[in-house]
Amino acid sequence: MGGHRASPGVLLGLLERTLASAPWPCDLGGAPGVRLRVAPQSVTLPPQIANPGGLRRAVAALETHEVVDLAEAMDDLIKAAVGHTLRLSMTVELDRAGGVSEEALAGVDAVLGRVKAGWVLR
2 MGGHRASPGV
12 LLGLLERTLA
22 SAPWPCDLGG
32 APGVRLRVAP
42 QSVTLPPQIA
52 NPGGLRRAVA
62 ALETHEVVDL
72 AEAMDDLIKA
82 AVGHTLRLSM
92 TVELDRAGGV
102 SEEALAGVDA
112 VLGRVKAGWV
122 LR
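So the sequence shown is numbered by this note's numbering: it starts at 2 and just counts up by one.
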């Protein structure tokens, strides 16, 4: 094999493991459980909304119960950020071995659409 040493999360900057993936790196026996997707492109914010003091970003993969915790902490988060622009970006992933069912896809899309018009899984 080549001399590349892939990090556990992102593979050569192009691919990343899904939440349902088996650990990486792994031996040949663990390879069938590894689930990859194309890594999302980094977000570039337009200059007019960049903070001259420097944009700060916190990135984390949240489990569903942690999203509930974040929602419960939202008032405190807003108070802590007073005088600043606070934005939240959300990525919703739906995965299942063998593919996502149309029923689940339609159900999740309906819920996302109630939160923000046009928000659907792609």
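Using N, Cα and C, we set each Cβ at its ideal position, and we do this for glycine too. Here the structure is a predicted model, which is why all the values come from computation and not from measurement.
Worksheet entry | Anticipated Cβ contact below 8 angstroms, Val-121 with Leu-113, distance rounded | Going by Cβ atoms, the distance from Val-121 to Leu-113 rounds to 6 angstroms, so yes, they are a contact pair.
Fill in: Cutoff 8 angstroms; reference Leu-37; Cβ partners in own chain excluding five residues on either side
Leu-12, Leu-16, Glu-17, Arg-18, Thr-19, Ser-22
Practice prompt. Report yes if the CB atom of Val-116 is closer than 8 angstroms to the CB atom of Leu-95, and no otherwise.
Written response: no
Item to complete: Measure the C-alpha to C-alpha separation of Thr-45 and Arg-123 and round it to an integer number of angstroms.
Response: For Thr-45, the pLDDT reaches just 48, beneath the cut-off of 50, and the residue's location in the model is therefore unreliable, leaving the point undetermined.
Practice prompt. Tell me Val-39's beta-bridge partners as DSSP assigns them.
Written response: Beta-bridge partners of Val-39 (DSSP): Leu-16.
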